[in-house]
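In what follows, a structure is listed as structure tokens, so that the remarks can point back to it.
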Amino acid sequence: MSVQDIPQTISVIPREFIIESGSDRMLDAAKYVTPIVENTLPYGGDRYTIRGLQVSAEMIDGTILSGADGYSMSQSVYNMERLEVIKGPNAILVPGGVMNPITKSPFLKNASSVSLELSQYSANAVSFDINRVLGKAGKWPRLVYARRQTDYYMKGQYRNGYEIAPSFSY
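For the sequence shown, this note's numbering begins at 3 and goes up steadily by one.
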């Protein structure tokens, strides 16, 4: 089913825009969709509002992950194919809306990419994405890896993380 056939407000942020905007967190990419407001938590997690209402559910590929408290860790964009922001009163649990990142999945083509990022506050990141087609049977694995390390403008604050996302289709 196409996004155009769904009777509610959905904004889709494609992978190309996420890369061009320099976003490294899902919430950074989503700020280009109104009206999303960030409420970062003291321990480094993300909390946000959509249409003025606190979001109490996290989703990935259409599956709800977190509980009703709305607290979650920051989600990176390295394994994200696109970000869907579903707005409106579509459910009692998420009346303002919800962000639904769609993760990368294997495809029928040999492809790979490597990325190196350097930015302020001693931030650096390296990532690679490898997709392969194995034989004529139509099996294909994909591996996405990312490593990010950064200091913040306040002393003693930093963010380090790894992301390893293997997937396999047949």
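For glycine and all other residues, C-beta sits at the position ideal for the given N, C-alpha and C. Since the model is a prediction, treat every value here as computed from it, not as a measurement.
{"Asked": "Sequence ranges, beta strand (DSSP E) only - wholly within the stretch 95-125, length at least 3", "Found": "99-105, 113-121"}
{"Asked": "Beta-bridge pairing of Asn-81 - partner residues as DSSP gives them", "Found": "None, per the DSSP bridge assignment."}
{"Asked": "Buried or exposed (CB count within 10 angstroms, at least 16 for buried), Ser-121", "Found": "exposed"}
{"Asked": "Gly-98 versus Val-135: straight-line alpha-carbon distance, rounded", "Found": "41 Å"}
{"Asked": "Opposing strand residues paired with Ile-166 [DSSP bridges]", "Found": "Tyr-147"}
{"Asked": "Close beta carbons around Ile-166, own chain, < 7 Å, minus the five adjacent residues each side", "Found": "Tyr-147"}
{"Asked": "For Met-28, three-class secondary structure by DSSP", "Found": "helix"}
{"Asked": "For Gln-159 and Asp-153, the rounded distance between their alpha carbons", "Found": "6 Å"}
{"Asked": "Spatial distance of Tyr-123 from Val-14 (CA atoms)", "Found": "30 Å"}
{"Asked": "Residue nearest to Arg-2 in terms of C-alpha spacing, selected from Tyr-172, Ser-169, Phe-170, Arg-149", "Found": "Not covered by the structure: residue 2. The range shown for the chain is 3 to 172."}
{"Asked": "Backbone CA spacing between Leu-110 and Gln-10 [nearest angstrom]", "Found": "32 Å"}
{"Asked": "Arg-27 beta carbon less than 7 Å from that of Ser-107", "Found": "no"}
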